[in-house]
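The letter at position 281 of the sequence shown is residue 281 when you use the UniProt record's numbering, and the numbering goes up by one with no holes.
For each residue, glycine too, the CB sits at the ideal point set by N, CA and C.
This structure is a prediction, so every number in the text was calculated from the model and none was measured.
Below is one structure; the comments refer to it alone.
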Amino acid sequence: MQQSKRASGVPEPDLISALPDALLHRMLSFLQAREAVRTSLLAQRWRDLWKSMPVLRVTGVQRVQPIQRFMDHLLLLRDRLNLEVCLLEFVGFSWDGGDYVKLWIRHALICHVRKLSVSGSFLLGNLHLTSQYLTELHLDGVTLWAKCTDFSSCLALKDLEVTNCDIDAEKIYSTFLEQLFLHQCRYPFEMRTRISAPNLISLQLINFEGRTPSFEDMPVLGTAEVTFGYDIVWTVVRKMTLGIVSMLPVTGVMALMTAVQDPCFSKFLLKRDLRWCPTFHKLEILLLSDSCVADDQRALICIVQHSPVLKKPTLQLYENQKRKCLVPSKAIFNSVEKSFASDNLKRVEIKCKEVDERIHNILTSLVTYGIPLEKISIQQKNKSSQCFSFVCTGFSSMDP
């Protein structure tokens, strides 16, 4: 039958072109902007489809300038319909391309874009974002000044992710922001950047450089994670005046996760900051990595004692035990009482590779401060990736 149609010269129906616009737009959304425009040559049905596609994708491009003329024509000819997603992601150095990118960002905001992602080595400077529709914003590798970190005019913004950016601003402000992720960003040493997000629920501050940002009141904060990278440890030690615990809000924290990749640095921070350890009135879940409990369990006990509604502290101790750090020791934990008991505490969970002397010391400390063994469980993970969980019922001295 097919051979007879071909022999008679009858064209076969174009089934793909017969699909509704919504499906065709969905197909175009996976293409780069330049490739999507080229589909206009396929058939009459495709001539103007790219003008109304809801996704604008420009990714993997080395520099801004070579694509500048194409982008200007694309935005000029495109229908002024709403954009769902706009991705402007450049992988090369384009310091002088920031002005073009800012024009394209403004166009996306005019088209009521909901998700905007911008990355590249260029200056956004004092670009002030204004939108009633933008809900998700990703910035990577760019330089931000004061107006660019004021998101008070983005009335629908819920998720903000800033990665590997230079933030030269006194304040990051958003009234409606719920999730804030700051990864490997650089802050100025001459001033402290303030973060004001009263409706923030989730916070990540990962591997930053410069002075530690200060946080204003976050009454509904649910999860906070703070990590200091090994490569910037000593810079932070010299320059920073606040540490892991004291820089988080006193109220509103439901889960606090702290990790420092250098045990000496961790001990330095905790010893200093726990002199003024605040009370975490709503902290229910606590996750601490190896270095946060290295060599001195009194820091752990101090945090637990200042968390009256804590239900489940978890210790992840997967690193091999290292020799003790030579950090000057002072009697700074005198405020730690000799007993601790809480009806809210359900279980202390310890995750480790092996039950060694360090685990034994932690158990001793927990029991000494009033945490019964039946509330302590250990999850041991061996080299074969098999996990064994058990609840402590007793232990004996490991001294020879």
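Q) Who are the Cβ neighbours of L139 in its own chain at under 6 Å, not counting the five residues just before and after it? A) Cβ within range, chain order: V118, V162, C165.
Q | S174 - DSSP class collapsed to helix/strand/coil | A | The DSSP-derived three-state label of S174 is coil.
Q: Specify, as a first and last residue, the run of the beta strand (DSSP E) that F70 falls within.
A: Per DSSP, F70 belongs to no beta strand (DSSP E); it is in the alpha helix (DSSP H), 65-77.
Q: Could you say which of I105, P313, V91 lies nearest to L75 if we only look at CA atoms?
A: Distances from the CA of L75 to each of I105, P313, V91 were compared; the closest alpha carbon is that of I105.
Q) When you compare each of H73, A33, T212 to L88 by their alpha carbons, which one comes out closest? A) Considering only alpha carbons, the answer is A33.
Q) Can you tell me whether DSSP reads H112 as helix, strand or coil? A) In the structure shown, H112 sits in coil (DSSP, three-state: anything other than H, G, I, E or B).
Q.
Please report the distance separating the alpha-carbon of M53 from that of P20.
A. Those two C-alpha atoms are separated by around 13 Å.
Q. Apart from the five residues just before and just after Y100, which ones in its own chain have a Cβ nearer than 6 Å to its Cβ?
A. So the list reads V64, Q68, once near-sequence residues are dropped.
(Q) Taking only three categories from DSSP, how would you classify G60? (A) G60 carries a strand assignment under DSSP once its states are collapsed to helix, strand and coil.
Q. What first and last residue would you give for the alpha helix (DSSP H) that runs through H360?
A. Element bounds for H360: 357-368.
Q | Among V226, T368, P219, E225, nearest to K282 - alpha-carbon criterion | A | Nearest C-alpha to K282: P219.
Q) Would M191 be called buried (16 or more neighbouring beta carbons within 10 Å of its own) or exposed? A) It counts as exposed.
Q) Are the beta-carbon atoms belonging to L205 and L221 less than 8 Å from one another? A) No, the pair does not count as a contact, with Cβ atoms beyond the cut-off.
Q: Tell whether a beta-carbon distance below 8 Å holds between K346 and Q316.
A: No; because the gap between Cβ atoms is not below 8 Å, this pair is not in contact.
(Q) In this structure, how does DSSP classify H107 when only helix, strand and coil are distinguished? (A) Helix at H107.
Q: Take C154 and list the residues in its own chain whose beta-carbon comes closer than 6 Å to its own, dropping the five residues that flank it on each side.
A: Excluding positions up to five away in sequence, the list reads L129, S131, L134.
Q) Helix, strand or coil for V37 per DSSP? A) Helix, per DSSP.
Q | Extent of the continuous beta strand (DSSP E) run through R194 | A | Residues 194-196.
Q | Buried/exposed call for N207, threshold 16 Cβ in 10 Å | A | Burial state of N207 is buried, judged by a 10 Å Cβ sphere holding 16 or more other Cβ atoms.
Q. For F181, which residues of its own chain have a beta-carbon under 6 Å away from its beta-carbon, when the five flanking residues on both sides are left out?
A. Excluding its 5 nearest sequence neighbours in each direction, F181 has C-beta neighbours in its own chain below 6 Å: E161, Q204, listed in chain order.
**Q.** Straight-line gap, K381 to Y318 (C-alpha atoms, nearest Å)
**A.** Distance between the alpha carbons of K381 and Y318: 9 Å.
Q: Quickly, what does DSSP pair H183 with across the bridge? List them, please.
A: Its beta-bridge partners are T163, I206.
Q. Which residue or residues does DSSP assign as beta-bridge partners of P313?
A. Paired residues: L286.
Q) Hey, how far is the Cα of T193 from the Cα of F70? A) Each residue's CA atom was taken as its position, placing T193 and F70 some 38 Å apart.
Q: Work out the CA separation of R186 and T314 for me, nearest whole Å.
A: C-alpha separation (whole angstroms): 30 Å.
Q. What do you get for H306, buried or exposed, if any count of 16 or more other CB atoms within 10 angstroms of its CB means buried?
A. The residue is buried, with at least 16 neighbouring Cβ atoms inside 10 Å.
(Q) Using DSSP's beta-bridge definition, name the partner residues of S131. (A) Paired residue(s): C154.
Q.
By the DSSP assignment, the alpha helix (DSSP H) with L23 in it spans what residues?
A. Element bounds for L23: 21-28.
Q: Express the C-alpha separation of R211 and T279 in angstroms, rounding to a whole number.
A: Those two C-alpha atoms are separated by around 24 Å.
Q.
Going by C-alpha to C-alpha distance, which of V113, V309, N126, S214 sits closest to V142?
A. Relative to the Cα of V142, the nearest Cα in the group V113, V309, N126, S214 belongs to N126.
(Q) Our contact map puts S29 next to V55 with C-beta atoms below 8 Å; I'd like the distance itself, whole angstroms only. (A) That pair is a contact at about 4 Å.
Q: Rounded to whole angstroms, what's the CA-CA distance from I348 to W145? Just pull it up for me.
A: For the sequence presented, residue 348 should be read as Val rather than Ile. Distance between the alpha carbons of V348 and W145: 44 Å.
Q: Kindly indicate the opening and closing residues of the beta strand (DSSP E) around D140.
A: From DSSP, the beta strand (DSSP E) with D140 extends over 136-140.
(Q) Tell me the rounded alpha-carbon separation between P188 and L49. (A) Roughly 46 Å separates the two Cα atoms.
Q.
With H, G and I counted as helix, E and B as strand and the rest as coil, what does DSSP make of A146?
A. Reduced to three states, the DSSP call for A146 is helix.
Q. Taking the C-alpha atoms as reference points, what is the distance between A43 and V226?
A. Cα-Cα distance, rounded: 54 Å.
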